[in-house]
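Q: Right, I'll just put the structure down here and ask away after.
2 protein chains.
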Amino acid sequence: MKKRTNLLLLLFTLSAMVMMAQEKKSFTLDDLIPGGSNYYNCSPKNLYGVQWWGDVCIKPDMEEVKAINPKNGKENTLFTLKEINDAIEHGELPYKPIQPLKPLHHLMDASYPWADQNVMVCQLSSNDGQNQYIAYYDFAQKKIIRLFRLQCNNGQSPANIDFCPASGYVAYTAGNDLFVAHEGDYSTMVNPVLMGSNGKENTEKSIVYGQAVHRNEFGIMKGTFWSPKGNYLAFYRMDQSMVTDYPQVDISTRIATLVPDKYPMAGMTSHKVTVGIYNIRNGQIVYLKAGDPTDRYFTNISWSPDETKIYMIELNRDQNHAQLVRYDTTTGDKEEVVYEETHPKYVEPMHPLTFLPWDSSKFIYQSQRDGYNHLYLFDTRRKMYPETRSAAAGGTYRQFVKVQQLTQGNWLVQDIVGFNAKKKEILIRSTEISPLQSNIYAVNVNNGKRRTIGNSEGIHQVQLSETGSYLIDRYTTPQVPRNIDLVATATNKTRNLFSADNPWEDYQVPEVEVGTIQAADGKTDLYYRMIKPVNFDPNKKYPAVVYVYGGPHAQMINASYHYGARGWDVYMAQEGYVMFTVDNRGSENRGIEFENCTFRQLGVEEMKDQIKGVEFLKSLPYVDSNRIGVHGWSFGGFMTTNLMLTYPDVFKVGVAGGPVIDWKYYEVMYGERYMDTPQTNPEGYKGSNLNEKAGNLKGRLQIIYGGNDPTCVPQHTLSFIRACIDRGTHPDLFVYPGQGHNMVGKDRVHLHEHITRYFKDNLK
Amino acid sequence: MKKRTNLLLLLFTLSAMVMMAQEKKSFTLDDLIPGGSNYYNCSPKNLYGVQWWGDVCIKPDMEEVKAINPKNGKENTLFTLKEINDAIEHGELPYKPIQPLKPLHHLMDASYPWADQNVMVCQLSSNDGQNQYIAYYDFAQKKIIRLFRLQCNNGQSPANIDFCPASGYVAYTAGNDLFVAHEGDYSTMVNPVLMGSNGKENTEKSIVYGQAVHRNEFGIMKGTFWSPKGNYLAFYRMDQSMVTDYPQVDISTRIATLVPDKYPMAGMTSHKVTVGIYNIRNGQIVYLKAGDPTDRYFTNISWSPDETKIYMIELNRDQNHAQLVRYDTTTGDKEEVVYEETHPKYVEPMHPLTFLPWDSSKFIYQSQRDGYNHLYLFDTRRKMYPETRSAAAGGTYRQFVKVQQLTQGNWLVQDIVGFNAKKKEILIRSTEISPLQSNIYAVNVNNGKRRTIGNSEGIHQVQLSETGSYLIDRYTTPQVPRNIDLVATATNKTRNLFSADNPWEDYQVPEVEVGTIQAADGKTDLYYRMIKPVNFDPNKKYPAVVYVYGGPHAQMINASYHYGARGWDVYMAQEGYVMFTVDNRGSENRGIEFENCTFRQLGVEEMKDQIKGVEFLKSLPYVDSNRIGVHGWSFGGFMTTNLMLTYPDVFKVGVAGGPVIDWKYYEVMYGERYMDTPQTNPEGYKGSNLNEKAGNLKGRLQIIYGGNDPTCVPQHTLSFIRACIDRGTHPDLFVYPGQGHNMVGKDRVHLHEHITRYFKDNLK
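First to last, the sequence lines map onto chains A and L.
Going by this note's numbering, the first sequence opens with residue 2, and the numbers climb by one from there.
Going by this note's numbering, the second sequence opens with residue 2, and the numbers climb by one from there.
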């Protein structure tokens with residue numbers, strides 16, 4: 002009888018649990034992984050296309066565009082989708098396009114460049130998709146008032162479209178050529194067409210105009226730079242003819258075809274970049290007379306407000322000497338070096354100059370010279386005799402004009418948001434409150450005093466109105482999925498535009514916690530994130546998986562929603578794994594010495610810190626020390642493979658995605674910054690070459706790569722497989738044919754199914 | 002007390018078993034897999050270089066060459082390694098080579114072409130390995146009497162060396178060019194050097210001279226054909242300029258490089274072959290006037306004994322119409338069609354003509370026209386009015402001269418060994434005794450009577466002496482690892498030269514058995530081989546693995562040692578798996594209808610037969626029906642993948658190596674014979690395209706391929722991985738970078754470790 006009671010009680014408890022489980026759903030990978038069929042529904046909702054029209058806030062929805070007065074919050078409808086589509090389909094156009102124009106599906110992708118004009122600028126395409134246009138829609142007149150056609154170039158579609166509000170002109174590329182659209186149907190090809198020896202157009206892919214160069218390092222995201230008044234277009238020209246092709250193969254054609262990709266590998270010959278200036282009025286081009294472009298980086302192009310000068314930050318190939326150089330716009334002549342910095346490891350300029358809107362002789366320069374990225378105010382009128390001065394950690398700098406440091410402290414400026422000219426304030430995003438946060442500050446340029454704008458929590462992304470009086474402040478905190486406010490910068494007065502609901506309301510969500518451990522250097526705090534299995538029972542022993550990235554310019558743990566927990570980590574926690582991540586030394590937002598301790602020996606210090614993380618994990622009574630796995634992608638794939646081979650008794654299972662295996666197969670710009678060249682740092686390259694350690698493999702390690710990965714080329718993974726075979730070890734392998742460095746779309750769900758299965762097979 | 006006794010007894014039994022296990026060793030993969038460190042010791046020993054010098058048997062060993070009189074078995078030493086090396090290093094040479102010659106390491110690679118001369122012909126190389134020579138060593142004079150240098154061609158080493166005993170000349174290729182070595186230091190390039198448009202030598206790889214063509218189908222193994230008296234050299238010229246490149250990639254270079262490979266895929270443009278005749282005396286070339294070479298196969302080149310005529314068997318691209326055509330040697334003129342055959346499926350000529358040594362007007366032609374490969378005697382002097390006659394299974398033939406069928410029956414002639422001219426006998430190898438065997442018969446050309454030469458067991462490989470009086474008879478049977486006899490062809494009197502010991506004497510060898518089951522057609526017997534686990538216990542339930550090939554021109558089960566059991570199968574049996582193989586319809590040595598029932602739908606009938614094999618397996622009480630795996634390579638990789646996808650509930654685990662996935666990615670010659678083209682057989686291609694079935698995968702399937710497989714190009718495997726990803730299924734994958742279609746060397750051991758681990762992980 003007693004037994005029966007107990008059984009009934011147990012049954013009751015179980016059914017209560019089942020009830021709870023029924024009330025709260027379990028996640029599938031389709032819920033949690035980008036590309037999954039239910040991913041959208043499981044992500045915080047958003048407002049798209051919110052932006053400024055002068056100091057008026059534009060808020061589009063599917064059917065209409067609203068204007069909000071930020072002073073009082075009053076909304077009125079500017080125009081509707083139907084109105085603009087009527088104008089596109091039936092209205093009078095500036096000229097008759099070759100093919101009819103396709104109506105718009107929504108009003109999210111548009112801009113409102115002129116506070117004093119009732120004009121929306123958007124991109125249109127022809128019905129057959131063959132032609133692209135930039136259109137001006139006058140929502141007062143309800144009429145398309147201008148229409149530029151962007152030409153196709155031998156069937157290559159327009160890309161890198163760069164609209165200049167000052168002139169109304171549009172720069173764009175098609176293939177490797179650069180164009181400017183003037184009016185109507187007419188574009189000018191900016192670069193001279195190369196003629197082959199047979200008198201026909203040179204179709205070689207080796208010279209590229211108007212696109213980002215130096216493989217998007219040094220903050221370079223584009224290749225065209227309009228001058229402030231729109232009279233000039235500066236552009237990059239990149240000659241890649243001397244760069245080796247990596248033979249990528251497309252297997253989707255009838256018979257596989259070669260898709261060669263210019264890829265300069267560490268220590269090998271790199272491309273040559275020059276900077277041209279195209280004069281809109283006379284069509285002439287001058288190239289900046291910067292000297293021999295061999296083994297040099299031309300970064301962070303900035304215009305002076307009056308368009309007479311152009312500045313670049315120039316770096317040697319060794320990346321340990323940066324010069325800010327000024328050129329004359331009309332002649333291309335080099336005028337002078339304004340500032341320079343050296344560092345025994347590397348200097349990494351990431352930001353162009355920002356001129357003060359109220360004083361065109363002064364600009365803000367950003368530098369890590371005191372150990373953290375901070376703002377320096379340069380006064381171009383006050384020349385200085387340039388003494389060489391010491392900077393942090395053995396660096397030096399020389400300044401040729403008067404410079405005043407505007408911010409300082411053991412935190413860093415992340416970017417400049419803009420100015421409030423009236424108050425002589427510059428608005429920035431910084432980590433001052435916590436390395437996990439990004440908050441907005443207004444810094445007084447005269448006295449350096451700072452005040453917070455918006456709240457002091459989480460991660461903020463903002464857009465400043467034309468006068469600097471208002472911010473659109475989008476933020477997230479560990480508890481807030483997404484919030485969009487209008488903030489008055491003077492008063493910090495806030496008006497909510499949007500708050501996203503918790504998209505996981507109906508799901509059983511595992512517990513996410515963040516804390517710190519001490520790094521292997523015995524002094525630095527490192528942040529970790531731990532996700533505990535759902536229905537966590539502290540008396541159980543759980544397997545644990547370390548998710549690792551570990552490389553520079555990335556931070557896995559921050560104060561965003563759920564502390565940045567990744568969907569797959571949440572899924573694995575649901576499946577009964579303790580998920581653990583630590584941002585080791587070398588990662589972002591902690592200053593230059595935290596980052597550059599890895600110099601010339603990538604992986605060594607990073608792994609020591611990861612092992613500190615594992616020691617912490619093992620100290621937890623509910624973690625099974627014999628069942629620890631590791632997973633990471635890209636630099637994290639390098640770390641995963643390295644950890645499996647360097648600490649073969651610590652990790653039982655690893656999955657490494659798109660890994661770097663041997664830094665000599667990685668590209669010049671990123672690779673040599675941290676590793677120098679194979680010629681100058683042979684020990685460092687050998688020590689970090691995982692092929693040398695291939696014989697150490699004990700546990701189960703699966704390598705996964707994109708079949709056409711242009712970043713960590715397939716040679717990494719394939720050379721590792723070869724090395725393991727030669728040394729008699731047995732990794733596992735998977736490939737996503739046709740994919741690049743990261744799996745996108747539906748493949749990403751398949752990828753995470755595949756990763757999950759591997760851990761379930763081998764770390765059970 | 003009783004309990005203790007039992008325990009003691011059990012301990013005693015266990016230690017007895019341990020003792021037995023200690024007495025007989027277990028195999029490692031290094032013992033059983035080619036490339037393994039102990040493979041040589043675990044293989045039957047052999048005699049190398051045994052051959053005829055007229056009717057004298059040559060038996061070299063490491064230090065000396067013995068001559069055996071086959072009449073009485075008496076041996077005497079002809080010469081020693083020291084003697085020839087003295088001649089090479091210190092003796093008088095015909096001329097002074099550029100670099101000193103390297104001494105020989107052994108005497109196995111040599112020939113003795115002239116019964117009346119004391120001359121051995123061998124290849125020598127210079128000390129620096131840069132130059133190759135053909136040398137005549139006179140072992141009576143103890144002197145090198147002739148020395149030809151084989152030229153390198155732009156650094157490409159000599160290959161395809163074809164020595165002509167009649168003239169003493171040597172044909173060879175270097176790069177894509179063809180050469181003839183005349184005397185001393187002098188070679189002639191046979192083919193005209195192609196001049197590029199810039200006046201320089203054309204280094205394009207698109208035209209190939211003197212090499213095998215048509216991707217080695219139709220029995221084509223070489224590209225040079227000396228005339229009987231050595232006055233002419235016929236050679237193939239292959240223009241591949243119109244053939245698409247498959248982009249193979251070499252990852253072993255500093256940065257991966259393209260290694261393009263001409264690969265004509267089914268239904269796509271194929272290469273064009275012509276046949277040239279080089280006149281040794283005047284250096285002139287005539288090309289056979291065979292007409293437009295587009296989509297034609299020129300196969301089985303044969304010379305008339307008097308050198309005035311040359312014959313080819315010509316096939317259309319559809320491979321269903323073969324013509325034996327005669328040409329004039331000096332003009333290249335086409336004289337006449339001698340014979341032709343059609344078949345609604347395909348005709349596959351595999352053998353050149355063999356003229357009777359005692360009557361140069363008669364030759365033997367081999368044809369499968371009655372359903373099995375048999376011998377037909379053609380009398381070129383007796384012209385016939387060519388009627389179209391019916392052949393087996395809807396085929397037809399027309400003969401333009403008198404033809405007499407010499408052999409017939411439900412068995413097939415495998416090859417012609419030679420003649421005993423005195424007895425007017427032709428010696429053949431055939432399957433007359435059993436489809437599993439190859440035995441030697443002498444067939445009387447006058448009356449067709451046959452008699453066995455050597456014994457009636459196993460698989461024989463023979464070399465006939467000059468007069469046809471003696472055979473070197475190498476054979477193996479299921480019980481005999483290797484035996485080498487001298488056999489007098491007239492009397493069948495046998496003298497043993499060598500018998501290999503059982504190399505597995507010290508090992509625990511699993512039991513191998515062979516039997517028959519009925520094919521899915523309900524009438525045909527199929528042979529199977531089963532290997533039972535060591536210490537087999539009929540009361541246990543064992544997992545079973547089907548090893549499958551299943552394609553044409555291969556037979557997995559035969560009467561060789563252990564019935565052809567593969568090393569890996571033996572290993573897996575030792576590891577507790579029942580290993581099973583069945584030669585399905587479509588495989589070799591069973592006649593044309595057994596083979597061609599698979600026409601236009603490869604895989605369908607073959608799989609039905611394999612399923613018959615599985616039904617048999619499941620009927621065995623000791624086989625666990627829930628644990629059946631399958632493994633195969635190449636066509637067997639196609640079968641494995643196909644079986645996993647077509648019968649997902651039958652097979653739990655599969656490992657497919659170097660598979661065909663979609664026949665449209667396979668080459669023209671082999672592929673179109675069995676499948677026609679994608680254009681003419683779209684249903685057949687679709688039905689056999691495994692990418693169409695990728696969504697059916699239920700069990701665990703690993704695909705393994707050679708990273709540079711030139712036969713089943715990587716596109717097969719990679720397209721399948723892509724298809725599985727698209728359909729949400731999860732195969733596993735492994736690659737051997739740098740390997741071709743079959744893994745060779747140490748990699749082959751790694752491969753079988755990898756395959757074994759997969760079955761142990763998933764079929765346990």
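Glycine included, each C-beta is placed from N, C-alpha and C at the ideal position.
So with Cβ pairs under 8 angstroms, would you call H731 (chain L) a contact of chain C?
A: Structure shown: chain C not included; protein chains present are A and L.
Q: Determine the chain A residues that contact M266 (chain L) at a beta-carbon separation under 8 angstroms, and present them in chain order.
A: Near M266 (chain L) (Cβ distances below 8 angstroms), the residues of chain A are R255, I256.
Q: How many Å lie between Y686 (chain A) and V631 (chain L) at the Cα?
A: Taking the straight line from one Cα to the other gives about 43 angstroms.
Q: In terms of residue numbering, what span does the beta strand (DSSP E) encompassing L125 (chain L) cover?
A: Segment 120-126, the beta strand (DSSP E) holding L125 (chain L).
Q: Within 8 angstroms of any Cβ in chain A, is that where the Cβ of V250 (chain L) sits?
A: Yes, contact with chain A.
Q: According to the Cβ coordinates, are S439 (chain A) and Q409 (chain A) closer than 8 angstroms?
A: Their beta carbons are not under 8 angstroms apart, which means S439 (chain A) does not touch Q409 (chain A) by this criterion.
Q: Could you pull the start and end residues of the alpha helix (DSSP H) that N585 (chain A) belongs to?
A: Run containing N585 (chain A): none; DSSP gives neither H nor E here.
Q: Starting from H751 (chain L), follow the beta strand (DSSP E) in both directions and report where the run begins and ends.
A: Per DSSP, H751 (chain L) belongs to no beta strand (DSSP E); it is in the alpha helix (DSSP H), 747-763.
Q: Should H106 (chain L) be labelled buried (16 or more other beta-carbon atoms within 10 Å of its own) or exposed?
A: Exposed.
Q: I'd like the list of long-range same chain contacts for T673 (chain A), defined as Cβ closer than 6 angstroms, with 5 residues on each side in sequence excluded.
A: It is Glu, not Thr, that sits at residue 673 (chain A) in the sequence shown. Within the same chain, E673 (chain A) has close Cβ partners A267.
Q: How is C43 (chain L) classed by DSSP in three states: helix, strand or coil?
A: Of the three classes helix, strand and coil, the one that applies to C43 (chain L) here is coil, per DSSP.
Q: Should P166 (chain L) go down as buried or exposed, given a rule of 16 or more other Cβ atoms within 10 Å for buried?
A: Exposed, by the Cβ-count rule.
Q: What are the boundary residues of the alpha helix (DSSP H) that C725 (chain L) is part of?
A: Residues 716-728.
Q: Span of the alpha helix (DSSP H) holding N161 (chain A)?
A: Segment 159-164 is the beta strand (DSSP E) holding N161 (chain A); no alpha helix (DSSP H) there.
Q: Return the Cβ separation of G36 (chain A) and V745 (chain A) in integer angstroms, given the expectation that the two are a contact with Cβ distance under 8 angstroms.
A: Going by Cβ atoms, the distance from G36 (chain A) to V745 (chain A) rounds to 6 angstroms, so yes, they are a contact pair.
Q: Over the uninterrupted beta strand (DSSP E) stretch that includes K403 (chain L), give me the two end residues.
A: Where K403 (chain L) is concerned, the enclosing beta strand (DSSP E) stretches over 402-406.
Q: Per DSSP, F595 (chain L) is paired with what?
A: Paired residues: none, contrary to the question.
Q: Between the Cα of V656 (chain A) and the Cα atoms of A:T681, A:V669, A:L702, which residue gives the shortest distance?
A: Taking only the C-alpha atoms, the option nearest V656 (chain A) is A:L702.
Q: Three or more beta-carbon pairs under 8 angstroms between the stretch 383-403 of chain A and the stretch 605-621 of chain A, yes or no?
A: No, they do not touch.
Q: Within the 8 angstroms Cβ cut-off, does P738 (chain A) reach chain L?
A: Yes, its Cβ sits closer than 8 angstroms to a Cβ of chain L.
Q: Interface residues of chain L around E754 (chain A) at Cβ under 7 angstroms?
A: Result: H731.
Q: Would you mind reading off the limits of the alpha helix (DSSP H) that contains F639 (chain L)?
A: Where F639 (chain L) is concerned, the enclosing alpha helix (DSSP H) stretches over 636-647.
Q: On a CA-only basis, which of L:I429, L:T453, L:F180 is nearest Q464 (chain L)? Give me that one, please.
A: Among L:I429, L:T453, L:F180, the Cα nearest to that of Q464 (chain L) belongs to L:I429.
Q: Would you mind sorting M531 (chain L) into buried or exposed? The rule is 16 or more other CB atoms within 10 Å of its CB.
A: So M531 (chain L) counts as buried.
Q: Which residues bound the alpha helix (DSSP H) around K363 (chain A)?
A: Here K363 (chain A) belongs to no alpha helix (DSSP H); instead the beta strand (DSSP E) covers 360-368.
Q: Please check if any C-beta of chain A sits within less than 8 angstroms of the C-beta of S198 (chain L).
A: Note that S198 (chain L) scores a pLDDT of 48, beneath 50, so its modelled location is shaky and nothing firm can be said.
Q: Distance check for A393 (chain L) and L357 (chain L), CA to CA, integer angstroms please.
A: Cα to Cα, the separation comes out at about 27 angstroms.
Q: Between the stretch 535-549 of chain L and chain A, which residues of the former have CB atoms less than 9 angstroms from a CB of the latter, in chain order?
A: Against chain A - using a Cβ distance shorter than 9 angstroms - the stretch 535-549 of chain L contributes no residues.
Q: Would you report the Cα separation of V750 (chain A) and G396 (chain A), rounded to the nearest angstrom?
A: Distance between the alpha carbons of V750 (chain A) and G396 (chain A) is about 46 angstroms.
Q: For L259 (chain L), would you say it is in contact with chain A, using Cβ-to-Cβ distances shorter than 8 angstroms as the test?
A: For L259 (chain L), the answer is yes, since a Cβ of chain A falls inside 8 angstroms of its Cβ.
Q: In the DSSP assignment, find the unbroken beta strand (DSSP E) run with W53 (chain A) in it and report its ends.
A: Run containing W53 (chain A): 52-54, per the beta strand (DSSP E) assignment.
Q: For the stretch 319-359 of chain L, list the beta strand (DSSP E) runs that are entirely contained and at least 3 residues long, ordered along the chain.
A: Runs found: 322-329, 335-343, 355-357.
Q: Could you check if T78 (chain L) is buried or exposed, using at least 16 other CB atoms within 10 Å of its CB as the buried criterion?
A: By the 10 Å Cβ count, T78 (chain L) comes out exposed.
Q: Is Y759 (chain A) near V654 (chain A), with beta carbons less than 8 angstroms apart?
A: In this structure, V654 (chain A) lies closer than 8 angstroms to Y759 (chain A) by Cβ.
Q: Pull up the CB-CB distance for T258 (chain A) and P248 (chain L), whole angstroms please, since I reckon it's below 8 angstroms.
A: That belief holds up - the Cβ atoms of T258 (chain A) and P248 (chain L) are roughly 6 angstroms apart, short of 8 angstroms.
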